Amino acid sequence: MSPEFIRNFSIVAHIDHGKSTLADQLLLKTGAITEREFKEQILDDLDVERDRGITVKARAVAIHYTPSEEMWADISKKLHGDRKPGKPPTFELNLIDTPGHVDFAYEVSRSLAACEGALLLVDAFQGVQAQSVANAYAAIEAGLEIVPVVNKIDLPVTRIDDVLEEVENIIGLDATDALQISAKKGIGIETVFQAIIERIPPPQGDPKAPLKALVFDSKYDSFRGVMTYVRIMDGTVTAGEKIKFLRAGTIHDTIEVGQFLPAMKPTKTLGPGQTGYIITGVKEVAHIHVGDTVTMAANPASEPLPGYKTPQQMVFCGMYPTDNVDFEKLRDELERLSLNDASFSYAPETSDALGFGFRCGFLGMLHMEIIQQRLERENEVDLIQTAPNVTYEVELRNTGEVLHIDNPVDVPNAGDMEEIREPIARVTFIVPADNIGIIMQMCSERRGIYKSTEFIGSDRAQLIYHLPLGEIIYDMHDKLKSATRGYGTMDYEIIGFEPADLVKLDILVKEVKVEALAMIVHRDFADRRGRAVVKRLKKEIDKHQFEVALQAAIGTRVIARETISALRKNVTAKCYGGDITRKRKLLQKQKEGKKRMKSFGQVEIPQKAFLSVLEAGADE
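In the working numbering, the protein residues as written are 2 to 621.
#1: So, at 7 Å on beta carbons, what are the nonlocal neighbours of I188 in its own chain, with the 5 sequence-adjacent residues on each side left out?
#2: By alpha-carbon positions, which one of E36, A131, P90, E71 ends up nearest to V13?
#3: From the DSSP output, in three-state form, read off H478 for me.
#4: Does the separation of the CB atoms of D75 and G128 fall below 8 Å?
#5: Measuring CB to CB, does I457 end up less than 8 Å from I171?
#6: My output table needs one value for Q64: the three-state DSSP class, helix, strand or coil.
#7: Starting from the C-beta of D272, find all residues in its chain whose C-beta is less than 7 Å away, skip the five residues before and the five after it, and write them out in chain order.
#8: Quick one: is L622 buried, meaning 16 or more other Cβ sit within 10 Å of its Cβ, or exposed?
#9: Bridge partners for L622 per DSSP, in chain order?
#10: Can you give me the C-alpha to C-alpha distance between G602 and E516, rounded to a whole angstrom?
#11: Tell me which same chain residues have a C-beta within less than 6 Å of the C-beta of A619, skipping the five on either side of it?
#12: Short of 6 Å in beta carbon distance, which residues of its chain neighbour S600, apart from the five on each side in sequence? Order them along the chain.
#13: Less than 8 Å between the beta carbons of M72 and Q195, yes or no?
#14: Let me check one thing: in DSSP terms, what residues is D235 bridge-paired to?
#15: Within the chosen definition, does the stretch 402-414 reach the stretch 375-394 through at least 3 CB pairs nearer than 8 Å?
#16: Taking V150 and L122 to be in contact with their CB atoms under 8 Å, please state how far apart those CB atoms are, rounded to whole angstroms.
#17: When you compare only the Cα positions, how much space is there between K452 and R562?
#18: How would you call D492, buried or exposed, if buried means at least 16 neighbouring beta carbons within 10 angstroms?
#19: Starting from G438, trace the alpha helix (DSSP H) in both directions and tell me its first and last residue.
#20: What are the boundary residues of the beta strand (DSSP E) that includes Q463?
#21: Could you tell me the distance, in whole angstroms, from the CA atom of Q386 to the CA atom of I256?
#22: Taking the alpha carbon of M320 as the reference point, which residue from S110, R360, A299, D342 has its own alpha carbon closest?
#23: Looking at the secondary structure, which residues open and close the beta strand (DSSP E) in which L538 lies?
#24: CA-CA distance, V428 and P211?
#25: DSSP three-state label for T22, please.
#26: Could you tell me the alpha carbon to alpha carbon distance between V534 and P312, rounded to whole angstroms?
#27: Which residue comes first and which comes last in the alpha helix (DSSP H) that contains Q314?
#28: Locate the beta strand (DSSP E) running through I279, then write down its first and last residues.
#29: Measure the beta-carbon distance from L174 to I197 and round it to whole angstroms, keeping in mind my assumption that it falls under 8 Å.
#30: Just to confirm the assignment, what range does the beta strand (DSSP E) spanning I425 have?
#31: Could you pull out every residue in the same chain whose Cβ sits closer than 7 Å to the Cβ of K266, ignoring the five residues on either side in sequence?
#32: Does DSSP classify R225 as helix, strand or coil?
#33: Check each candidate in E191, A519, N136 and name the one with the smallest Cα separation from H18.
#34: F456 bridges to which residues according to DSSP?
#35: Whose C-beta lies closer than 8 Å to the C-beta of L568 among residues of the same chain, with five residues either side of it excluded?
#36: Taking DSSP as the reference, what is the three-state secondary structure of I12?
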């Protein structure tokens, strides 16, 4: 197909503003899906997406749309002037549906790199929210043409005029030609098609140039191997040809090329501007990299495409199989999942308490929960997950070397450290004006530094704070929703590292350090956090035949202690009267047995105890 009749666009918005519903409505209007499939939100095909009602993975789909003669005459007049319009052609509209949560901003950036335009969706009542702003700026930085769309105009209560004013004042877009639609009821969908064709530019590409295709996603299929999702920039690719992945340097035969309609459908070729998939039969996951460039083996491109900026994981936790026999299975599943989600990392590690496992890095807490659920539900792996923590910078005293620490176990001794620095995030809150005070108090308790307040209309305000990332990731989002009755939103970006008075808090069970429970905390909060953790552990760890001491310590100084008393058995129950010395012998024998068990007995720590660190932080 000629690039003149191709449009590549993405839908960006805050979470729950109707992206997936609009995507499905566009498919419904063109007959690509049925009414039943529309109600089931076909593009959110992961179990975890359906359960949570959010989009986790970006999805690409090709829509073939033929405008009516009346619409084509109007479009043709704007595109070609007074030239006679002729018969309406069929357009190929390549849509990439994107997530809205802050943790999946990397998915959004990958989608935008494969597009020329974006629909910015804004709720007709909620208006511009934190992620609306962040995703709009990401699209502007990517050089995309942005079409503002006000969704949910069928709601009983709307603020359409106010919302349009917010689009202009906060984001800086001209809202004069903003579309007004209801994706749920199908109102105004034809105007969306017309705007996509009129306002989003066609892709630029030379079909005769050497092949250049951007790998924007991939997926592993146990029968067909790795399926590579590509956007063709220049040249064409046909089944049966040999292609080369420039980054990996590997050459493969093209078994099949095709598009998502939304189901996979093989085609003869893919040309400039088109998105689709390539199947090469590759079984080795390591051969495919998101951001790589695909070219022809016989006539390769002279240089690769820019690709993507490597995502920066900021939240880390340990993941261990419940049964050590499943270690290799967990490794295989992590490798396949990393192919489908390039924004998380993993590396093997060992723990005295948990055995062999992996240190995994994520973009945020929701991202971590999604990965854990996908491993347990889709891949049937039983996991033990340790408490999450963020990345810190440690400058050594003697050498001046700066270490990046993502595991509290790796923190050097206090005497070897010149300073320790924590990640700082610039956090943008959009909240009702009545809740400004409670949000400022919440940020102050978390060592936040106030930057600015800007009112959005008469009843909403935008607050900007600089906050330590470690104070955000645990429960900030939940506390925000609770404080604002669900109306507050937040977005954050990492702006750098700053020195802080941080210490390593060790947890000892029966005088033995449990590495998986160690954490890095601010010195001012260490005593409170230590007491909360040992109290929580006391509830989670069962009684043993001997006394178990639970301690929180900074270095050699114990700052909190709880004791789990021993199980008591009445060994004198069978003694009825008689000489008291018989009872004393039995009690002495029990005492010596408990003393011996205290020396050699092992404490069994249940799985949920390892998350008690997180819950103890929330209890504070």
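C-beta: ideal position from N, C-alpha, C; glycine also. It should be emphasised that the depicted structure is a prediction, and the values quoted were computed from it without experimental measurement.
This is what the structure gives:
#1: I154, D155, I182
#2: A131
#3: helix
#4: no
#5: yes
#6: For the record, residue 64 in the displayed sequence is Ile; it is not Gln. Residue state, collapsed to three classes: strand.
#7: Strictly speaking, residue 272 in this sequence is Gly, with Asp absent from that position. Result list for G272: M2, P208, I233, T237, in chain order.
#8: No answer is possible for residue 622: it lies beyond the span of the chain, which begins at 2 and ends at 621.
#9: Here the chain covers residues 2 to 621 and nothing more, so residue 622 does not appear.
#10: The predicted position of G602 is uncertain, since its pLDDT is 49 and thus under 50; a value taken from the coordinates is nonetheless stated next. Looking at the two C-alpha atoms, the distance is approximately 19 Å.
#11: Low confidence applies to A619: its pLDDT is 49, below 50, so where it sits in the model is not reliable enough to give any reading.
#12: Residue placement at S600 cannot be trusted, given a pLDDT of 49 that sits under 50; the coordinates are not used to answer.
#13: yes
#14: K213
#15: yes
#16: 5 Å
#17: 40 Å
#18: buried
#19: 437-446
#20: 461-469
#21: 40 Å
#22: R360
#23: Where L538 is concerned, there is no enclosing beta strand (DSSP E), although the alpha helix (DSSP H) it sits in stretches over 524-541.
#24: 44 Å
#25: helix
#26: 32 Å
#27: It is not in any alpha helix (DSSP H) - Q314 carries neither H nor E in the DSSP assignment.
#28: 276-280
#29: 16 Å between Cβ atoms; not a contact.
#30: 418-433
#31: G259, Q260
#32: coil
#33: N136
#34: A462
#35: K544, H545, Q546
#36: strand
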